[in-house]
Amino acid sequence: MTALAALVRRDIKIALRVGGGALIGVLFFLTVVVLMPFALGPDLALLARLGPAILWLGALLASLLTLDRLFMADHDDGSLDLIVMSRTPLELSCAAKALAHWLAAGLPLIIATPVMGLLLNLDGASTMAVALTLFVGTPALTFTGMIGAALAVTLHRGGLLLAVLVLPLSIPVLIFGVAASQAAITGPLSFGTPFSILCALSLVSFVIGPFAAAASLRHGLD
Amino acid sequence: MRLLGRGVSCVRGGREVFSGLDFEASSGEALAVTGPNGSGKTSLLRLTAGLLAVSGGSIGLEGGEVELTLPEQAHYLGHRDALKPALSVAENLIFWRDFLGGEPFDAGKSLAAVGLDHAARLPAAYLSAGQRRRLSIARLLAVRRPVWLLDEPTNALDTAGQKLFAGLMGDHLSQGGLIIAATHAPLGVQARELRIGGAA
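Respectively, the protein sequence lines represent chains R and F.
Here the first sequence stands for residues 1 to 222, numbered as in this note's numbering.
Here the second sequence stands for residues 1001 to 1200, numbered as in this note's numbering.
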């Protein structure tokens, strides 16, 4: 346990320090959401209707932007070798890294969501609904994205490849995330159904993500 | 404890680097792997560390802890330092101690052993190549592992650093550890030579 806690602490510390990149995701999220009303024009009803979709797209792209750092830095400086050799199972180390990444890069997106909701003419309850779906759904984005990050690190310079690999995996999360938010705002569907499926997607990714990433790292080391 | 390699061969990128290599090292013994550039010294260390798949033969540890694999009982000191530039010298060392499961210790003392105590709070980004190497060596001392796999360990170290490291290797050997080092320069401790590749 101390090993995993040390890994989580270290990754968060690095992400929050100069050049760590935790803020890049939030800034990108902010840019996407701020620009959208300008592109769509001053139709408040339209903005409110598109709001959840825009917030979800922004969060998805922002988390994709920072995912390639998940294993790349550790691979480049040799830390990954030591992590693979250590007595801590690689699957758990992968899960710890993903958790740290979500805490440093995913959680700030959710904290920023209420502010973004204001820009998109969402009322308080709607914003809370979107924030709740993001809170439940973004871990799934991180844990499935981790598989792509692990594959990309074994194929050198796979930055763009990561996006191509990860995007199809994140489509279900996007569909049910937006569906749950829309259901909470406009109906007629009940909020519970898509929200439960979103929770299920996250839980499945917690199980599959670390194993797939660890297998890919083990196989691809050179 | 005995590290045994039997008929080990290594294929990288479709090219055979070496094949049918036999080697062994017992407790208290150092093995210096020598050979020309590209003969597979680093590959041999990475095979032993479990970081490359063995394409033929086997490498095993006899008389170690039964429940642990060879890589789990080994330290690997490679070309890359595994240091994070954003963390301070002490933070880097303490992280590896915690992650690799070392005993709690006074980080200052460990750093003093490699002559880095004055720089404990400095971000690792500002270290010179030799200082980075010293910090990596401090990791070997912070966590006890019987097998040391060293890739060009004395690279970038100054004369005093080489002497210091030779002393540390001597201590490790006298405590029953074993060392496999890929090297061009003399190690500074009594070592058997394992030559791979053609004549240099």
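Backbone N, C-alpha and C fix where the C-beta goes; we use that ideal spot for every residue, glycine too.
Here the structure is a predicted model, which is why all the values come from computation and not from measurement.
- Residue 1196 (chain F) carries a coil assignment under DSSP once its states are collapsed to helix, strand and coil.
- Against chain R, a Cβ distance below 7 Å from residue 1080 (chain F) picks out 77, 78.
- DSSP places residue 1025 (chain F) inside the beta strand (DSSP E), whose first and last residues are 1015 to 1026.
- Check the Cα spacing between residue 1116 (chain F) and each of F:1136, F:1105, F:1097: the tightest is with F:1136.
- Cβ contact annotation for residue 1196 (chain F) (same chain, cutoff 8 Å, sequence separation greater than five): 1018, 1021, 1033, 1034, 1035, 1039, 1040, 1041, 1044, in chain order.
- The contact set of residue 1099 (chain F) on chain R, defined by CB atoms closer than 9 Å, consists of 2, 3, 4, 6, 7, 10, 82, 83, 86, 88, 93 in chain order.
- Bounds of the beta strand (DSSP E) holding residue 1148 (chain F) are 1147 to 1151.
- Membership of residue 1184 (chain F) in any alpha helix (DSSP H) is not indicated, and neither H nor E is assigned to it by DSSP.
- For the pair residue 28 (chain R) and residue 115 (chain R), the Cα-to-Cα distance works out to about 14 Å.
- From the beta-carbon of residue 49 (chain R), no residue of chain F is found nearer than 9 Å; the closest lies around 43 Å away.
- Here DSSP, grouped into helix, strand and coil, assigns residue 1031 (chain F) to strand.
- Close CB contacts of residue 42 (chain R) within its chain, under the 8 Å cut and outside five residues either way in sequence, are absent.
- Going by DSSP, residue 1075 (chain F) is part of the beta strand (DSSP E) stretching over 1074 to 1077.
- For residue 91 (chain R), no beta strand (DSSP E) segment is defined; the enclosing uninterrupted segment is the alpha helix (DSSP H) at 90 to 101.
- The beta-carbon separation of residue 138 (chain R) and residue 110 (chain R), rounded to 7 Å, stays under the 8 Å limit for a contact.
- Remark: fewer than three beta-carbon pairs, one from each stretch, lie closer than 8 Å, so the region 1178 to 1194 of chain F and the region 1102 to 1115 of chain F are not flagged as touching.
- Cβ atoms of residue 35 (chain R) and residue 121 (chain R) stay farther apart than 8 Å, at about 15 Å.
- Residue 1095 (chain F) reaches chain R at 6, 10, counting residues in chain order whose Cβ is nearer than 7 Å.
- Neighbours of residue 13 (chain R) in chain F, taken as residues whose beta carbon is under 8 Å from its own, are 1086, 1087, 1091 in chain order.
- Against chain R, the CB of residue 1068 (chain F) has a partner CB under 8 Å away; the residue lies at that interface.
- Residue 1126 (chain F) counts as exposed, since fewer than 16 other C-beta atoms from the protein chains shown sit within 10 angstroms of its C-beta.
- Residue range 1002 to 1012 is occupied by the beta strand (DSSP E) that includes residue 1011 (chain F), with no alpha helix (DSSP H) assigned at that position.
- Residue 1089 (chain F) is not a Cβ neighbour of residue 1113 (chain F), given a cutoff of 8 Å.
- Contact annotation: residue 33 (chain R) and residue 119 (chain R) have beta-carbon atoms nearer than 8 Å.
- Here residue 1123 (chain F) carries a strand assignment [DSSP, helix/strand/coil].
- Partner residues in the beta bridge of residue 1178 (chain F), as assigned by DSSP, are F:1147.
- Around the beta-carbon of residue 219 (chain R), fewer than 16 other beta-carbon atoms lie within 10 Å, marking it exposed.
- DSSP places residue 1062 (chain F) in the uninterrupted beta strand (DSSP E) bounded by 1056 to 1062.
- Chain R places a beta carbon closer than 8 Å to that of residue 1072 (chain F), counting this residue as a contact.
- For a Cβ distance threshold of 7 Å, nothing in chain R lies close to residue 1115 (chain F): the least Cβ distance comes to about 22 Å.
- Boundaries of the alpha helix (DSSP H) harbouring residue 219 (chain R): 192 to 220, taken from the DSSP string.
- Residue 1046 (chain F): member of the alpha helix (DSSP H) spanning 1041 to 1048, first to last residue.
- Within chain R, no residue has its beta carbon less than 9 Å from that of residue 1138 (chain F); the closest one is some 14 Å off.
- In summary, the residues of the region 1036 to 1060 of chain F whose CB is separated from some CB of chain R by less than 9 Å are 1046, 1049, 1050, 1051, 1052, 1053, in the order they occur in the chain.
- Taking residue 216 (chain R) as reference, the option from R:195, R:151, R:169 with the minimal CA-CA separation is R:151.
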